[in-house]
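Input: a single structure, listed below in structure tokens.
Numbering (this note's numbering), first residue to last: 30 to 90.
Below, the structure is given as structure tokens:
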């Protein structure tokens with residue numbers, strides 16, 4: 030039995046999915062924040078969301 034396989038891509042994919050979920054949850058909870066916070070956080074979260082999605086697309090299948 031050969032146990033010499035690389036789990037690194039699996040971990041990266043999983044970690045990116047977890048972080049993507051966290052950012053999406055943060056986006057959903059923006060309404061509970063003040064207007065100033067929303068204006069500050071929304072662009073940051075959208076940028077993070079975009080980068081995470083790009084990273085997921087670049088991972089090997």
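Each residue gets a CB set at the ideal place from its N, CA and C atoms; glycine is no exception.
Small disclaimer: the values here were computed from a predicted structure and weren't measured.
Residue 70 is positioned such that its CB atom lies closer than 8 Å to that of residue 62.
Under the three-state reduction of DSSP, residue 72 is assigned to helix. In the three-state reduction of the DSSP assignment, residue 85 falls in the helix class, which pools H, G and I. Taking a contact as a CB-CB distance under 8 Å, the pair residue 52 and residue 85 does not count as one, their CB atoms being some 12 Å apart. For residue 60, the CB contacts under 8 Å within the same chain, skipping 5 residues up- and downstream, are 67 in chain order.
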